Structure formats: structure tokens, C-alpha cells
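Student: If you read the sequence shown in UniProt numbering, its first letter stands for residue 1, the second for the next number, and so on.
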Amino acid sequence: MNSSAPETSANLSATFGPDWQQAANAGLSEAARLDLRKALEWSFPRYAREPAVPEGEGWAEHAAGVVAILAGLQVDGHTRMAALLAIAVGDRDVSANPHKDPVTLQFGPEIGKLVHGYRALIRLGQVTRDASDASAGSGAQAEMLRKMLLAMAADLRIVLMRLASRLQTLRWHAQHKVPLPEALSRETLELYAPLANRLGIWQVKWEMEDLAFRFLEPVRYKEIAHLLEEKRAEREAFIADAIARVRQALASAGIEADVTGRPKHIYSIWNKMRNRRLDFAGLYDLRALRIIVEDIRTCYTVLGLVHHLWTPVPDEFDDYISRPKPNGYRSLHTVVYDHDGRPFEVQIRTREMHQFAEFGMAAHWRYKEAGAKGGQVSADSEYDRKLSWIRQLLAWKADVQVDDQIGQAALDTLVDNIYVLTPQARVIELPPGATPVDFAYQVHTDLGHRCRGARVDGVMVPLNTRLATGQTVEIIATKSGGPSRDWLNPQLNYLASQRSRAKVRAWFNAIDIQERIAQGQGMLEKELQRLGKTATNLESLAQQLGFACTEDLYVALAKDEFSLRHVAAAFEAPPPDAGPDLSALTRDSRPESAVHAGKSGVLVVGVDALLTQLAKCCRPAPPDLISGFVTRGRGVSIHRCDCKSFRSLAAREPERVIDVTWGDTRDAVYPVDIVVLANDRHGLLRDISEVFARQRINVIGVNTQSRQGIARMVFTAEVGNGEHLVRALAGIREVPGVLEADRR
Numbered sequence: 001m002n003s004s005a006p007e008t009s010a011n012l013s014a015t016f017g018p019d020w021q022q023a024a025n026a027g028l029s030e031a032a033r034l035d036l037r038k039a040l041e042w043s044f045p046r047y048a049r050e051p052a053v054p055e056g057e058g059w060a061e062h063a064a065g066v067v068a069i070l071a072g073l074q075v076d077g078h079t080r081m082a083a084l085l086a087i088a089v090g091d092r093d094v095s096a097n098p099h100k101d102p103v104t105l106q107f108g109p110e111i112g113k114l115v116h117g118y119r120a121l122i123r124l125g126q127v128t129r130d131a132s133d134a135s136a137g138s139g140a141q142a143e144m145l146r147k148m149l150l151a152m153a154a155d156l157r158i159v160l161m162r163l164a165s166r167l168q169t170l171r172w173h174a175q176h177k178v179p180l181p182e183a184l185s186r187e188t189l190e191l192y193a194p195l196a197n198r199l200g201i202w203q204v205k206w207e208m209e210d211l212a213f214r215f216l217e218p219v220r221y222k223e224i225a226h227l228l229e230e231k232r233a234e235r236e237a238f239i240a241d242a243i244a245r246v247r248q249a250l251a252s253a254g255i256e257a258d259v260t261g262r263p264k265h266i267y268s269i270w271n272k273m274r275n276r277r278l279d280f281a282g283l284y285d286l287r288a289l290r291i292i293v294e295d296i297r298t299c300y301t302v303l304g305l306v307h308h309l310w311t312p313v314p315d316e317f318d319d320y321i322s323r324p325k326p327n328g329y330r331s332l333h334t335v336v337y338d339h340d341g342r343p344f345e346v347q348i349r350t351r352e353m354h355q356f357a358e359f360g361m362a363a364h365w366r367y368k369e370a371g372a373k374g375g376q377v378s379a380d381s382e383y384d385r386k387l388s389w390i391r392q393l394l395a396w397k398a399d400v401q402v403d404d405q406i407g408q409a410a411l412d413t414l415v416d417n418i419y420v421l422t423p424q425a426r427v428i429e430l431p432p433g434a435t436p437v438d439f440a441y442q443v444h445t446d447l448g449h450r451c452r453g454a455r456v457d458g459v460m461v462p463l464n465t466r467l468a469t470g471q472t473v474e475i476i477a478t479k480s481g482g483p484s485r486d487w488l489n490p491q492l493n494y495l496a497s498q499r500s501r502a503k504v505r506a507w508f509n510a511i512d513i514q515e516r517i518a519q520g521q522g523m524l525e526k527e528l529q530r531l532g533k534t535a536t537n538l539e540s541l542a543q544q545l546g547f548a549c550t551e552d553l554y555v556a557l558a559k560d561e562f563s564l565r566h567v568a569a570a571f572e573a574p575p576p577d578a579g580p581d582l583s584a585l586t587r588d589s590r591p592e593s594a595v596h597a598g599k600s601g602v603l604v605v606g607v608d609a610l611l612t613q614l615a616k617c618c619r620p621a622p623p624d625l626i627s628g629f630v631t632r633g634r635g636v637s638i639h640r641c642d643c644k645s646f647r648s649l650a651a652r653e654p655e656r657v658i659d660v661t662w663g664d665t666r667d668a669v670y671p672v673d674i675v676v677l678a679n680d681r682h683g684l685l686r687d688i689s690e691v692f693a694r695q696r697i698n699v700i701g702v703n704t705q706s707r708q709g710i711a712r713m714v715f716t717a718e719v720g721n722g723e724h725l726v727r728a729l730a731g732i733r734e735v736p737g738v739l740e741a742d743r744r
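1) Among the residues of its own chain, which have a CB less than 7 Å from the CB of L492, if the five just before and after it don't count?
2) Starting from R647 and walking both ways along the alpha helix (DSSP H), at which residues does that stretch end?
3) I'd like to know if the stretch 242-258 and the stretch 185-201 are in contact, where contact means that at least 3 CB-CB pairs between them fall below 8 Å.
4) Only counting runs of 3 or more residues, tell me where the beta strand (DSSP E) segments fall wholly within the stretch 539-576, in order along the chain.
5) Between the C-alpha atoms of R647 and N489, what's the straight-line distance to the nearest angstrom?
6) I'd like the ranges of any beta strand (DSSP E) spanning at least 3 consecutive residues and lying wholly in the stretch 315-360.
7) So, using beta-carbon positions, are L524 and L495 closer together than 9 Å?
8) Going by DSSP, what residues sit across from C451 in a beta bridge?
9) Which of helix, strand or coil does DSSP assign to S484?
10) Please classify E551 as buried or exposed, where buried requires at least 16 neighbouring CB atoms within 10 angstroms.
11) Looking only at DSSP bridge pairs, what is M460 linked to?
12) Do you know how far the Cα of E234 is from the Cα of W59?
13) Would you please state the rounded distance, in angstroms, between the beta carbons of A468 and C451? I believe it to be under 8 Å.
14) Does the ligand MG have even one heavy atom less than 8 Å from the beta-carbon of I658?
15) Tell whether a beta-carbon distance below 9 Å holds between R330 and F356.
16) In terms of alpha-carbon separation, which member of A14, P423, G27, M81 lies closest to K38?
17) Using only the alpha-carbon positions, how far apart do D687 and G709 sit?
18) For S43, which of helix, strand or coil comes out of DSSP?
19) Do the CB positions of L289 and I239 come within less than 9 Å of each other?
20) Between the beta-carbon of L332 and the beta-carbon of A249, is there less than 9 Å?
21) Please state whether the Cβ-Cβ distance between P671 and E718 is less than 9 Å.
22) Is it buried or exposed, D101, if we count other Cβ atoms within 10 angstroms and call 16 or more buried?
23) Looking at the structure shown, is Q695 part of a helix, part of a strand, or coil, going by DSSP?
24) Under DSSP, the beta strand (DSSP E) around A288 begins and ends at which residues?
25) List the whole-angstrom C-beta distance separating L603 from T661, where the pair is believed to meet the contact cut-off of C-beta under 8 Å.
26) Report yes if the CB atom of Y554 is closer than 9 Å to the CB atom of A518, and no otherwise.
27) Is the separation between the beta-carbon of K616 and that of Q543 shorter than 9 Å?
28) Taking the alpha-carbon of W507 as reference, which of G522, R530, Q529, G481 has the nearest alpha-carbon?
29) Measure the Cβ-Cβ separation of V313 and V336 and say whether it is below 9 Å.
30) What residue range does the alpha helix (DSSP H) around R277 cover?
31) Using the rule of at least 16 other Cβ atoms within 10 Å of the residue's Cβ for burial, across every protein chain shown, is residue 745 buried or exposed?
32) Just how far apart, CA to CA, sit V204 and D340?
33) Starting from L227, follow its DSSP beta bridges and name the residues at the other end.
34) Taking the continuous beta strand (DSSP E) assigned at W662, which residues delimit it?
35) Kindly indicate if chain C contains any beta-carbon less than 9 Å away from that of A477.
36) Under DSSP, the beta strand (DSSP E) around H682 begins and ends at which residues?
The following block contains the structure:
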């Protein structure tokens, strides 16, 4: 058949000949066969059009192959009909409106739903293959595409139709020796084969992998095929002979068991060689048997029979029953030689173990797709459990007639989340009811803040529009700006994601804090003007009032948590009987003090000639561990690394933290705060001052308070280094009545 031209009536008739009809009708009732015939007659003239790709497969040949594959999977007649119809029509020939859709009008809503779902998956594949975003091809994105494909399929039969379509494409290219585009080969290995694997459709999965690998790595494929040294038919014959021998031995021993086997496939061989870094000679499971028995004792009995039939390979026995894998997998694995010296693997397990291995946390698809991780990954997510349930439905369908409503209920539980695409075909997972605003925040927080509009499938929509799986969403954003408070109104339905709500709240909380800081700063400045204290050091005032930094003081004032009366009280003169005149005990700062410009001795790492100042909240001095914080207009503020105020600033604005270190500090002195607690008595302050005098330490500030007989004194003293400070503290602790003396 010349596929490059529209297919003739004769070619179409030959394609759907008696052999095809016999295969397509297998297992169907007479009524279902008549319905399939009607679908074929309706589709027949529509196949006679140009193929999708020049010199490519014709529509009729593709439809015939897909239906034959579906018949082999024992799907129902409606699925086979939908496959014929979906391939016969294009996207322009179907309508979302059931009253206008020709397929729905002719064959009913169930068939129309299957056809629409299939066409949607075709469009999804085309969009993702045309993606320009490099991340769309990552492993995480491939997983998202698998989930999205399942979510888009309102009926599991749609997924089966899509898998059959891809397998038919692979078969046609292999049969006609026409190169398959690399994008289709990779998509098959990354998306469709793993999906078939997860759904338990093993024969489709294996064939897809081998054919895609054949086109993607033809040289390696031929090398491995040559290394096998036997045709697949011969290997399958060996498996059949081995199964017969095992069954005969089991029957003689009176043991009931299920014995199955299959040869290793070429892609599986290559994958194992690559992941485990083995050469071909190191593979012992190119052919394998699996024996399923009733109980654990019988497992070991069967192991003895297998070792009696064939010679075991030394050091190739694994007892995963007594020592299960980390994911809970249990089975006996042994490798034996046949009479020609060829190794093959035998797995022995109970039915319960097999059920767990196939559908539980150690599901076959999970530890195979883990690659080099082997069996270290657990399939314990809700999504995995739902897939496990669907796989069981497929397995049961081979034995009993499963109620379609049960299958649909399983699918309904799978589609909890929705999956939409960026314009670059990156898949984004969102919660049910998500909107374009949720989408924007999921892509990037800044994009969410700046979101002002959205296009869904190229059409402008309101920002509270609910998104559906498979849609392409494009966000229209401003260069700057923030979210709207309306987005937090639950009645307006702008946000469905708790994550998005948290990001919007964080934005407004930050705005509220800045507004309170500005309000509190204005209140304080106005009060200082009233008191005539505009030259006051605000950081020192905040510390004196018990705040870590000025911003905390501003917020407390704005929220009415701190009264301006306390600010005024801080400037009031002490009463005449308040105690000794503290001003007589203090001296002016020395010329060599680090508080003077250029005397800090601090080097800013990587930056020259920056103004530095020692923070008054923690008063660092050598050899303290220090760090710098770039202030607005006052250079670099130097803090001790354990300073609470610095930690708060660094957490709020980490980009303004800068590395600093001590430079030459030999000739400088540094102010430090020394806190002394003592039993209040007459002459206490004088005795402590004498300690400072003996140590030749200049005191530039004193603050004392006395409550219930306990005096709390804070001395700001200039010391040269840490050793100087230690000597001063030791001398103060020896003063009678002193309870504690430490640096603040």
C-alpha cells in the first residue's frame, strides 16, 4: 500500500479483511460485533485521506492495528468501536457540545466521551513534544505527564486506547523499516512504557521498550541481540520446557503451584547492564521462572526440588523471606544452570508475597523504575495506592466480569489533583478547584504577586476561573506590584491552594509591618521633638527601653503595646535621693576608643573603604566572633555573631549580611557593657569603681536600678581585649555583696 496517497477503497477493504475481523471480534457477543461493524462502516470513508506524516502510516492501517491490540487486551466492544472512530475523525470533526458532535449523535454519549478523551491525549502529546522548556523533559516532569495523562482520561479505557495507538505506531515503523522520530522514541520510554508498566499491562510495556530502544540505540540493540545467541522463539521454547519439568516435579511431590516464566527482553537487559554496571556475562536472569505456592514451608520445599533438577550457581542465592528487602519485599531468588550450562533465575514466593510484590509497597513497577536504587523505594503514596487498585481491576478483568461502575469509581479517586501546562509545556500539579492565580503562585511566588490576568488555551478568562486538567495557562503580569486583598476572600474563589493563600498573607503581613514601622517612627520622632531630645541616639534609646532594635520599638508604639509615657520617663532626671551622682564616676571616651571613626579595627571582607561602626546592642570587642550588616546610610554595623538583634536583622534581610574580621586592634580600646547584680548597700558603687580604676579601665557610662534590695548596674567600660575584660570581671566578683558580674 502506498501510504503517501489517500487510501483507495480496495486497500481499505484489504486492511479490514476476514483475518482482521476475526481478531477484532474475539470475545465479543453477536450484538457487540454488529456495533463494531457499524462503527467501521461509519469510519470507512473517513480513512481515505492524507496520512498524518508523508510516507507514513495510513489511518486505516493504524486503526486496524490499534483495534487488534485492544482485542488482545480483552477490552470491551465499546472501546474497540471508539478506537475506530477516534482515528477516523480529527479534532475539527468533533465538538465539545454533545448536541453537535457527530460521533455522540450517531453512537451515543459513552462512545463520544471515549473519542473526546482520546483526541485530548493526542493533543497533549503534540504540545509536550513541541515544548521549548528544557525542564519539560526532566524525570519529575515525565512523572507529572504520566499523572496528567491518567487524570485527563475520564475513563481508563482511553488510556488503553492511547497505549495501543503508540504500540501500533512502533510496530508499523519497525515492520516497514521507517526511522521513528527521536522525540517519539524518548516519549515512549519515558511516558508510555512506564505507564503501561504501572497499569500491569506487561506485554505492551515490554514490546514498547524493545521497539523504542531499537530506534533510539540501534547499535546497542543489535549488539545485545547478537549476544543473546538465540532467537526469542528458542528462548521461549526453553522457558516452556523448564516450566513443564518443574510442574512434573511438583506434581510428583504433591505440591500445587502456579509456574510462569518469560525470557528477558533486550531493553531490560541493557537497562540492567547500565544501572548495575555489569557486562553481559554477569547477567544471570536473562531467562526466569516464577513459582507461586501456598505457604512459606512449601517455598523451601520447592527450592530443594529446583536445586535437584538443576545445578545451583554458587553465591547466587538470596533469601528475602527470612531477610526481607527494606521495602518489605519477600521471595526466594536462586540462579541455576541448565543441562547446557546456561544460567537462569527462579523466584519462589507465596501468594500473599506475590500480591504484596505486585500491588503493595514493593510493586514491580516501583523497584524497576527506581533504576540503580533497586528495591530501596517504597510505593506508599496515595497516588501509588490508587494505581495499585486500578492494576488489580485489570488483573481481575481477565478472570471475571468487573462491574464498569467499580472501574469508574477507581478512576474517579485517582483524579484528585489537576494538571495544567505552561506555554512551554511544563506540567504543573494543582489542587482541585485551582485558579490561574494558584497556577501563577505554583510557578513562582513573584509571578503570583504580579499576576493581573490569564489566558487559558489562548482565551482571556477571569482570575477566579476554575482550571481543568490538560489546559494551557499563560499568566499576564505587571513589572511590579502585589496581590489583591480580594484574593483572600473565600467567597470570591480566587484561591484554592493553601500554599497560595499563605504566600498572599505573607505579602500583606510584610506590608503591614512596614506601615507600622513608619507609623511608630513618626510617633517617636514627634515625641522627641516635644521633649527637645531630637539628637538622641535611637538605638541606645530602644535598648534602654528593653527592645532589641529601633524597629521593634516602632512596631510596639504603633500597635499601642508601648506607651509614649515610658519614652518621656527615660529622659526624666533622677530625684535628689536616688543615689550617688553617676556623672562623677564616668569619663569621656579615650581618643584611641573604637567608637571614633576609623578606630574599629574591623576589615570588611572583599570590600575596601567601607564605613564601619560597632553596634551598641551587643558592643563587640576582640576576639569576639563578628559579622557585618549593611545599614541604610550609616555604613556597616558590626555585631557579635550571637547578638539577638543581629539574628533578627539577618533573618529579615539576609542579603545585607556581609563577612567581616578583626584587623589590627593592638592600640584600640572597645566599649563593652558589664552587668552587675549585687545586694544593695552604701558604698557599693564606689567599691566597684575602684576595681575599674585599679585595672585602668575607663568607664564612659553607668546605669543603676535597685528593687527589693537588689541593685542592677550596667557599666559601659573601654577594654583593650578579651583578657582585659576577664580580669575586670574577676575583680568585680570579689567585691563584697556582688552576686553576679558578666558581660551583656
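All C-beta atoms, glycine included, are put in the ideal place defined by N, C-alpha and C.
Since this is a predicted model, take the numbers as computed values, not measurements.
Tutor: In this structure, then:
1) Counting from 1 along the sequence shown, the entry for residue 492 is found at position 492. Hits under 7 Å: N464, D486.
2) In the sequence shown, residue 647 corresponds to position 647, counting from 1. Segment 644-652, the alpha helix (DSSP H) holding R647.
3) no
4) Secondary structure remark: continuous beta strand (DSSP E) runs of at least 3 residues inside the stretch 539-576: none found.
5) Numbered from 1 along the sequence shown, position 647 holds the residue referred to as residue 647. Numbered from 1 along the sequence shown, position 489 holds the residue referred to as residue 489. Spanning the two alpha carbons is a distance of roughly 35 Å.
6) 332-337, 343-350
7) Here residue 524 refers to the residue found at position 524 when the sequence shown is read from its first residue. Here residue 495 refers to the residue found at position 495 when the sequence shown is read from its first residue. Against a cut-off of 9 Å, the Cβ pair of L495 and L524 comes out as no contact.
8) Walking along the sequence shown from the start, residue 451 turns up at place 451. Per DSSP, A477.
9) The count along the sequence shown starts at 1 and reaches residue 484 at position 484. Here S484 sits in coil by DSSP.
10) Against the sequence shown, residue 551 aligns to sequence position 551. So E551 ends up on the buried side.
11) By 1-based counting over the sequence shown, the position of residue 460 is 460. M460 has R455 as its beta-bridge partners, per DSSP.
12) Sequence index remark: in the sequence shown, residue 59 carries index 59 (1-based). Sequence index remark: in the sequence shown, residue 234 carries index 234 (1-based). Approximately 35 Å, taken between the alpha carbons.
13) To locate residue 468, count along the sequence shown from 1; it is residue 468. To locate residue 451, count along the sequence shown from 1; it is residue 451. Going by Cβ atoms, the distance from A468 to C451 rounds to 19 Å, so no, they are not a contact pair.
14) This structure simply doesn't include the ligand MG, nor any ligand for that matter.
15) What you label residue 330 is simply residue 330 of the sequence shown in a count that begins at 1. What you label residue 356 is simply residue 356 of the sequence shown in a count that begins at 1. Yes, the Cβ-Cβ distance between R330 and F356 is below 9 Å.
16) Start at 1 with the first residue of the sequence shown, and residue 38 comes out as number 38. Here the closest residue by C-alpha is M81.
17) Residue mapping note: residue 687 aligns to position 687 of the sequence shown, counting from 1. Residue mapping note: residue 709 aligns to position 709 of the sequence shown, counting from 1. Going from the Cα of D687 to the Cα of G709 covers about 17 Å.
18) Residue numbering aside, residue 43 sits at position 43 when the sequence shown is read from its first letter. In the structure shown, S43 sits in a helix (DSSP, three-state: H, G or I).
19) Taking the first residue of the sequence shown as position 1, residue 289 is located at position 289. Taking the first residue of the sequence shown as position 1, residue 239 is located at position 239. Against a cut-off of 9 Å, the Cβ pair of I239 and L289 comes out as a contact.
20) By one-based count along the sequence shown, residue 332 stands at place 332. By one-based count along the sequence shown, residue 249 stands at place 249. Not a contact, by the Cβ cut-off of 9 Å.
21) Locating residue 671 in the sequence shown gives position 671, counting from the first residue. Locating residue 718 in the sequence shown gives position 718, counting from the first residue. Yes. Within cutoff.
22) By 1-based counting over the sequence shown, the position of residue 101 is 101. So D101 ends up on the buried side.
23) Numbered from 1 along the sequence shown, position 695 holds the residue referred to as residue 695. If DSSP states are grouped into helix, strand and coil, Q695 belongs with coil.
24) Residue mapping note: residue 288 aligns to position 288 of the sequence shown, counting from 1. Here the beta strand (DSSP E) through A288 covers 287-293.
25) Within the sequence shown, numbered from 1, the residue matching residue 603 stands at position 603. Within the sequence shown, numbered from 1, the residue matching residue 661 stands at position 661. Distance from L603 to T661 at the Cβ level is roughly 5 Å; contact confirmed, criterion being Cβ atoms closer than 8 Å.
26) Sequence index remark: in the sequence shown, residue 554 carries index 554 (1-based). Sequence index remark: in the sequence shown, residue 518 carries index 518 (1-based). Contact: yes.
27) The residue you call residue 616 lines up with position 616 of the sequence shown. The residue you call residue 543 lines up with position 543 of the sequence shown. Cβ atoms of K616 and Q543: closer than 9 Å.
28) One-based indexing of the sequence shown puts residue 507 at position 507. Cα-wise, what sits closest to W507 is G481.
29) Here residue 313 refers to the residue found at position 313 of the sequence shown. Here residue 336 refers to the residue found at position 336 of the sequence shown. Yes, they are a contact pair.
30) Position 277 of the sequence shown, counting from 1, holds the residue named residue 277. It is not in any alpha helix (DSSP H) - R277 carries neither H nor E in the DSSP assignment.
31) Here the chain has residues from 1 to 744 only, and residue 745 is not among them.
32) Within the sequence shown, the letter at position 204 stands for residue 204. Within the sequence shown, the letter at position 340 stands for residue 340. One C-alpha to the other measures close to 31 Å.
33) By one-based count along the sequence shown, residue 227 stands at place 227. The partner list for L227 (beta bridge, DSSP) is empty, contrary to what the question assumes.
34) In the sequence shown, the residue the question calls residue 662 occupies position 662. First-last of the beta strand (DSSP E) with W662: 660-662.
35) Structure shown: chain C not included; a single protein chain is present.
36) Translated into the one-based positions of the sequence shown, residue 682 becomes position 682. Element bounds for H682: n/a, residue is neither H nor E.
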